Amino acid sequence: MTSDDGSDALPDETVDGFSVERLSDYLDSGRTPRDPGIEGSAACRLYLHSLAQVHELSRASLEDEAAREPDRDGAWIGGLLESIKKEIVGGRRIPIGHPDADVDLGITEAAARGLVRRTGDAQSGVVLGATTFVGDVTAPGEPITVEVTAAARYGEDLARLSDELRARIVETLARHTELNVVAVDVTIDDVYLPRREAP
Amino acid sequence: MSDVTVVQATIRISLRATRFAANPSPAQGPSRPSRGASPSTRPHSRSGQRDGAADEEVVVTESRRVAAIAAREREGGAAITTDDPRPDPLLDASDATLAARARDGDIHAYEVIARRHGPLMRVYAGRLLGADADSDDVVQDAFLTAWRRLADLENPAQIRNWLMRIVSSKSIDRLRARREHDDIDAWDPPARRSQTPDRVVEARLQMDAMWSALERLPLDQRRCWLLRETAGYSYSEIAEALGMSVSTVRGRIARARAFLITEMEAWR
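Sequences listed follow chains A and B, in order. Mapping of the first sequence onto our numbering: residues 3 to 201, in sequence order. Mapping of the second sequence onto our numbering: residues 9 to 276, in sequence order.
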């Protein structure tokens, strides 16, 4: 390890007759398929143990350092959000009827998704995931199926939870849009443990 | 679907009204499909009462809420006493859930992702670049690029590794740009290898020892090592990214490995 950096020469170190390069590749492959020669050598097993430790600590030490860093996030996250807000894509336009023919009302698909997310988030024990409107939302009266994914808090009654979520979504969309919602498909695709209980 | 509950909604929706007539609308508003909600469940549905807030307003409201929650967390996680029905549920959500929402355009979910993984990305970028000076810029740029490419994210649960790769690539771009302007030796400081192993032994924690060892790795070796171990780059990807041969990459990683194993021997 004392050779000049940049040279292409590999340090030809070996452990019990096996090159460290080979041992490293073996570790990277999850020690499968099992190599009886390597596994039969105490020195090789020790080397693999050290190497695995170094691999693990490489990332862990970065995470440890990140956790210890003073909170400087405000600056760059603020800048990030400013940039992103300028790039919001509204998606399809969902028309809303009005008696006055001169009035052109509509709501963006993104805003409608936001409504669905919010009504889901207001329900205890669930965090809404993706929201998809299947059907032509731009045409008034077209049948629309709402597909949502959601994470449920551990221990919740999933049937009750999805029934309530479905009802909330139907209610919210009926209140704020004219979408002809014919079905709300709820897929619970994750379960989460609360980080802390609400006070 | 008959047991509809009343939602205590205080949502501002986006109404982009071109030529919107501000005269009071009929109480019924525009004709509505009747399925689902009974009329009594939507007492505020007169269109004249709708706020004409744009998408952005929803967003701003949300990020203020996050900032407030983050501030409370810094103060020791005090109980949340605003009118929020519950603490921000997204703080409990998995990366997969947050990524799915972010892909739908939920800026707040993306902010939670950024706060969750940003610190690690910054430390990582700092180690790759060799100085922390540019790491904020690089990470901000990486998160912006990631936002634009969220549709390409195949497995939302893997968003952290995916972000790590984007940060890697942005860091490498930064290195290339530097190289065009500066003499390499001017920013690639010589390895501080004179420190004795005693210094490491003195370190209280194994983590400190590893951090210190990574710091003392020569930058070129450290970059190869971190790209491989932290971002999961293959040898050929590293070679291409850093503009060197695969055998050079192998050599540098081999030296880094030997160095780190030696440094960490005391902790075996």
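We put the beta carbon where it would ideally sit given N, CA and C, even for glycine. These figures come from a predicted structure and were not determined experimentally.
As a quick exercise: from LEU53(A), GLN55(A), PHE20(A), ALA54(A), pick the residue whose alpha carbon is nearest that of PRO38(A).
Checked all of LEU53(A), GLN55(A), PHE20(A), ALA54(A); the closest Cα to PRO38(A) is PHE20(A).
Roughly how many angstroms lie between the CA atoms of VAL15(B) and GLU173(A), to the nearest whole one? The pLDDT assigned to VAL15(B) is 30, lower than 50, so where the model puts this residue is not dependable; a value taken from the coordinates is nonetheless given after this. Within the model, the alpha-carbon separation for VAL15(B) versus GLU173(A) is close to 8 Å.
Exercise for the section: Classify GLY157(A) as buried or exposed, calling it buried when 16 or more other Cβ atoms lie within 10 Å of its own Cβ. Expected result: GLY157(A) should be labelled exposed.
Q. When the distance is taken between beta carbons, is ALA153(A) closer than 9 Å to THR105(B)?
A. Going by C-beta atoms, THR105(B) is nearer than 9 Å to ALA153(A).
Pairwise C-alpha distance: ASP142(B) and LEU128(B):
When rounded, the distance between both Cα atoms is 15 Å.
Pick out whichever of ALA150(B), PRO95(B), ALA110(B) has its Cα sitting closest to the Cα of GLY127(A). By alpha-carbon distance to GLY127(A), the top candidate from ALA150(B), PRO95(B), ALA110(B) is PRO95(B).
### Task
Answer with yes or no whether the minimum CB distance from ARG47(A) to chain B is below 9 Å.
Closer than 9 Å to the CB of ARG47(A) there is not a single CB belonging to chain B.
For this session: Return the CA-CA distance between LYS87(A) and ASP114(B), expressed in angstroms with no decimal places.
Result: LYS87(A) and ASP114(B) have their C-alpha atoms spaced approximately 10 Å apart.
For LEU234(B) and ILE180(B), the rounded distance between their alpha carbons
When rounded, the separation of the alpha-carbon atoms in ILE180(B) and LEU234(B) is 12 Å.
| Distance CB(ILE171(A))-CB(VAL193(A)) smaller than 9 Å | Taking 9 Å as the Cβ cut-off, ILE171(A) and VAL193(A) do not qualify as a contacting pair.
- prompt: What do you get for GLU162(B), buried or exposed, if any count of 16 or more other CB atoms within 10 angstroms of its CB means buried?
  reply: Under this definition GLU162(B) is an exposed residue.
Point to revise | Euclidean distance between Cα positions of ILE121(B) and ALA107(B) | key: Annotation: ILE121(B) to ALA107(B) spans about 8 Å, alpha carbon to alpha carbon.
C-beta contact flag for PHE151(B) and LEU82(A) at 9 Å
Annotated as proximal: PHE151(B) and LEU82(A), with beta-carbon spacing under 9 Å.
Under a Cβ-count criterion, where at least 16 other Cβ atoms within 10 Å of its own Cβ denotes burial, should VAL118(A) be classed as buried or exposed? The residue in question, VAL118(A), is buried, as its Cβ has 16 or more Cβ neighbours within 10 Å.
Review point. In terms of residues, what are the limits of the beta strand (DSSP E) holding THR147(A)?
Key: Unbroken beta strand (DSSP E) run through THR147(A): 145 to 155.
Starting from PRO97(A), follow the beta strand (DSSP E) in both directions and report where the run begins and ends. Residues 95 to 98.
*According to the Cβ coordinates, are LEU167(A) and VAL183(A) closer than 9 Å?*
Contact flag unset, no.
query = With 16 other CB atoms within 10 Å as the buried threshold, where does PRO97(B) fall?
reply = By the Cβ-count criterion, PRO97(B) is buried, with 16 or more other Cβ atoms from all chains shown falling within 10 Å of its own Cβ.
Practice problem: Please name the residue, chosen from MET272(B), GLN166(B), ARG111(B), LEU171(B), that lies closest to VAL146(B) on a Cα-to-Cα basis. | Solution: Nearest C-alpha to VAL146(B) among MET272(B), GLN166(B), ARG111(B), LEU171(B): LEU171(B).
> Based on Cα-Cα distance, which residue from SER102(B), ALA133(B), ARG111(B), LEU250(B) lies nearest to ARG124(B)?
Replying inline: For ARG124(B), the closest of SER102(B), ALA133(B), ARG111(B), LEU250(B) by C-alpha to C-alpha distance is SER102(B).
- Mind checking GLY131(B): buried by the 16 CB within 10 Å criterion, or exposed? Residue identity check: residue 131(B) is Val in the sequence provided, not Gly. A residue is called buried when at least 16 other Cβ atoms come within 10 angstroms of its Cβ; VAL131(B) meets this threshold and is buried.
task: Quick one: residues in its chain with C-beta nearer than 6 Å to the C-beta of VAL22(A), no 5 flanking neighbours on either side, listed in chain order?
output: For VAL22(A), the CB contacts under 6 Å within the same chain, skipping 5 residues up- and downstream, are GLU15 in chain order.
**Message:** Please give the ranges of any alpha helix (DSSP H) in the region 212 to 248 of chain B, keeping only runs that are unbroken, at least 4 residues long and fully inside the region.
**Reply:** If only complete runs of 4 or more residues are kept, the region 212 to 248 of chain B shows the alpha helix (DSSP H) at 214 to 224, 227 to 237, in order along the chain.
Open item on the list: Strictly by DSSP, which residues pair up with VAL257(B)?
Closed with: Looking at the DSSP output, VAL257(B) bridges to nothing.
Check your understanding: Comparing alpha-carbon positions, which option in ALA124(A), ASP104(A), ILE96(A), ARG115(A) lies nearest ASP138(A)?
Key -> Of the candidates ALA124(A), ASP104(A), ILE96(A), ARG115(A), the one whose C-alpha sits nearest the C-alpha of ASP138(A) is ILE96(A).
* **Proximity of LEU50(A) and ARG33(A) at Cβ, strictly below 9 Å** => Yes. Within cutoff.
Could you tell me whether any Cβ in chain A is nearer than 9 Å to the Cβ of ALA139(B)? For ALA139(B), not one C-beta of chain A is nearer than 9 Å to its own C-beta.
Rounded to whole angstroms, what's the CA-CA distance from PRO101(A) to GLY93(A)? Just pull it up for me.
If you take the alpha carbons of PRO101(A) and GLY93(A), they lie about 25 Å apart.
ask   = In chain order, what residues of the same chain lie with their CB nearer than 7 Å to the CB of ASP144(B), ignoring the 5 residues before and after it?
value = When the five nearest sequence neighbours on each side are left out, the beta carbons in the same chain lying within less than 7 Å of the beta carbon of ASP144(B) are those of ARG130, in order along the chain.
Can you give me the Cβ contacts of THR140(A) inside the same chain, cut-off strictly under 8 Å, excluding the 5 residues immediately before and after it? Taking THR140(A) as the centre and dropping the five residues before and after it, the same chain places the C-beta of ARG94, ARG95, ILE96, PRO97 closer than 8 Å to its C-beta, in chain order.
For this session: Give a yes or no on whether the C-beta atoms belonging to THR133(A) and ASP112(B) are separated by under 9 Å.
Result: Note that the C-beta distance between THR133(A) and ASP112(B) is below 9 Å.
Note the first and the last residue of the continuous beta strand (DSSP E) segment covering GLY131(A).
-> Here the beta strand (DSSP E) through GLY131(A) covers 128 to 136.
List the whole-angstrom C-beta distance separating MET218(B) from LEU59(A), where the pair is believed to meet the contact cut-off of C-beta under 8 Å.
The C-beta separation of MET218(B) from LEU59(A) comes to about 4 Å, placing the pair in contact by the 8 Å criterion.
GLY240(B) versus chain A: which residues are under 8 Å apart at the beta carbon?
Near GLY240(B) there are no residues of chain A at all, since even the closest Cβ is about 10 Å away, more than 8 Å.
**Message:** What would DSSP say about LEU272(A), mapped onto helix, strand or coil?
**Reply:** It is not possible to answer for residue 272(A), since the shown part of chain A is limited to 3 through 201.
Checklist entry - What are the boundary residues of the alpha helix (DSSP H) that LEU99(B) is part of? => result Per DSSP, LEU99(B) belongs to no alpha helix (DSSP H) and is neither H nor E.
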